[in-house]
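Trainee:
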Amino acid sequence: VENGRLVVTLLRIQFGIMKVNSHVDDDTEGATESAKSIRADIHEVRNKYGIIAPDAKCGLCQFPLLTKGFYLFPCHHYFHSNCLIQELVQQLPSHQRKRLEELVRSHSTVSGAEQSKKKEQIDDIVCADCIFCGDLMIRLVDEPFFTEEEYAEAQRSWS
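Next up, the structure:
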């Protein structure tokens, strides 16, 4: 009788392990499918293009866009790379700001595959959202355009 209980207990444990393994396989399969879908989306986005007028100007500095490297967002806002990075550094949360500054600094000190990897990481941060109409701007909508000091200075200059 003892051996019978032991066998039943072992069979229950084995069945439980099989159920857990089944769930793990399902989760792994789902994660694999999600990863494939994300890769396809990234590939699709990288192959998109936009048309820029020859007289287009950077949304930040208003100088001709085609004179330097630039970013074009799906919303049709476009910015020189350096202008966008300079603006983002002021707007990003501190952990992202530090990461972006470190990537920009180190990007010019490396070459080849390492430089391409750093550029890709910079692009991931910079291209996450348009600074004019993306989530970043929406989060900042309730912040004043001027600091207290800038406002006081503007009032003095108008007097």
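Counting from 1 along the sequence shown, just add 1176 to a position and that's the residue number in the working numbering.
Just so you know, even glycine gets a beta-carbon here, dropped at the ideal spot from N, CA and C.
Starting from the Cα of V1280, find the closest Cα among K1294, P1240, Q1238, K1212 and give me that residue.
Mentor: Selected option, being the one with the closest Cα: K1294.
Trainee: Could you have a look at K1233 and say whether DSSP puts it in helix, strand or coil?
Mentor: Three-state DSSP puts K1233 in a strand.
Trainee: Classify H1252 as buried or exposed, calling it buried when 16 or more other Cβ atoms lie within 10 Å of its own Cβ.
Mentor: Exposed: under 16 other Cβ atoms inside 10 Å.
Trainee: I'd like the list of long-range same chain contacts for N1268, defined as Cβ closer than 7 Å, with 5 residues on each side in sequence excluded.
Mentor: The sequence given here places Leu at residue 1268; Asn does not occur at that position. Result list for L1268: L1276, in chain order.
Trainee: When DSSP labels each residue in this structure, what does L1248 get in the three-state scheme?
Mentor: In this structure, L1248 counts as strand in the three-state DSSP scheme.
Trainee: Just the C-alpha distance for L1241 and K1195, rounded to the nearest angstrom, thanks.
Mentor: Going by the C-alpha atoms only, they are around 59 Å apart.
Trainee: For C1259, count neighbouring C-beta atoms within 10 Å of its own C-beta (all shown protein chains included) and say buried if the count is 16 or more, exposed if not.
Mentor: By the 10 Å Cβ count, C1259 comes out buried.
Trainee: Take every Cβ of the region 1229-1249, pair it with every Cβ of the region 1206-1215, and state whether three or more of those distances are shorter than 8 Å.
Mentor: Not touching, per the Cβ criterion.
Trainee: If you count every other CB in all the chains shown that lies within 10 Å of the CB of I1307, and 16 or more means buried, which is it?
Mentor: The residue in question, I1307, is buried, as its Cβ has 16 or more Cβ neighbours within 10 Å.
Trainee: Cα-Cα, which of C1237, K1244, R1273 is closest to D1300?
Mentor: Out of C1237, K1244, R1273, R1273 has the C-alpha closest to the C-alpha of D1300.
Trainee: With DSSP as the reference, identify every bridge partner of Y1254, one or two as the case may be.
Mentor: Answer by DSSP bridge pairing, in chain order: L1248.
Trainee: With a cut-off of 8 Å on the beta carbons, I'd call E1205 and L1236 a contact; round off their distance for me.
Mentor: Not quite, the Cβ-Cβ distance comes to about 45 Å (not below 8 Å), so this is no contact.
Trainee: Going by alpha carbons, who is nearest to F1249 out of S1335, A1304, Q1331, D1318?
Mentor: Here the closest residue by C-alpha is A1304.
Trainee: Hey, which unbroken runs of the beta strand (DSSP E) at 3 residues or more fall wholly within the region 1288-1333?
Mentor: None, since the region 1288-1333 contains no complete beta strand (DSSP E) of that length.
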